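Let me begin by presenting the structure, written as structure tokens, before commenting on it.
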Amino acid sequence: MSPEYVGFVGAIKLFFSNYANFKGRSTRSEYWWWGLALFIISFVLVILISVSIYSKLLYLFWGIMVLWSLAIVVPNLALAIRRLHDVGKSGWWFLINLVPGVGGIIFLVLTLQPSDGTNNWGEPAKA
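Just so it is clear: in the sequence shown, position 100 is 128 by this note's numbering, and no numbers are missing.
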């Protein structure tokens with residue numbers, strides 16, 4: 029385990045403690061563990077919505093999903109920008125996602141790259 033490794037629970041804690049921090053860096057493990065947590069939470073909410081389709085609980089679960097989605101917009105953006113900083117790219121590279129077709133693939137490749145050592149955004153992130 030490298031010193032840059034962040035576990036599942038640690039990534040969730042870092043995500044919420046750096047809610048709107050667009051400066052600094054985030055490790056690959058922090059970024060992808062949060063991605064897994066986000067997938068699990070979203071999957072559970074979609075299942076709850078699907079199960080309650082003919083129930084009055086549908087509106088409650090839809091409301092929870094909307095609030096959850098709004099609550100994580102800024103921290104997701106901040107995490108993605110810190111991840112780009114870790115690979116030596118400006119946060120403006122996030123806009124590559126707006127390019128149809130290849131933009132998302134380029135962004136994915138950037139987030140999969142290892143840290144590039146000390147750069148304009150400081151020392152490599154440590155767990």
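Where a beta carbon is used, it is the ideal one built from N, C-alpha and C, also for glycine.
Bear in mind the structure is a predicted one, so any value in this text is a computation, not a measurement.
Closest in alpha carbon position to VAL102, among GLY38, GLY35 and SER45, is SER45. Secondary structure of ASN147 (DSSP, three-state): strand.
The residues LEU138, THR139, GLN141, PRO142, SER143 and ASP144, in chain order, have a CB closer than 8 Å to that of VAL115 in the same chain once the five nearest residues on each side in sequence are set aside. For TYR87, the enclosing alpha helix (DSSP H) begins and ends at 85 to 99.
The beta carbon of TYR47 sits closer than 8 Å to those of VAL102, PRO103 and ALA106, all from its chain and outside the five residues before and after it, given in chain order. Between ASN147 and PHE135, the C-beta gap is not smaller than 8 Å, which leaves the two residues out of contact.
Listed in chain order, the non-local C-beta contacts of ARG111 below 6 Å within the same chain comprise SER54, TYR59 and THR139, local neighbours out to five positions each way being set aside. A direct Cα-Cα distance of roughly 17 Å separates GLY91 from LEU66.
Cα atoms of ALA108 and SER70: separation of roughly 18 Å, rounded to the nearest angstrom.
DSSP, reduced to helix, strand and coil, places PHE122 within a helical segment of the structure shown. In this structure, GLY35 and TRP62 do not form a Cβ contact; the two beta carbons are roughly 11 Å apart against a cut-off of 8 Å.
By a beta-carbon distance limit of 8 Å, LEU73 contacts TRP96. Their separation comes to about 7 Å.
Nearest Cα to SER118 within the set ILE81, SER78 and GLY150: GLY150.
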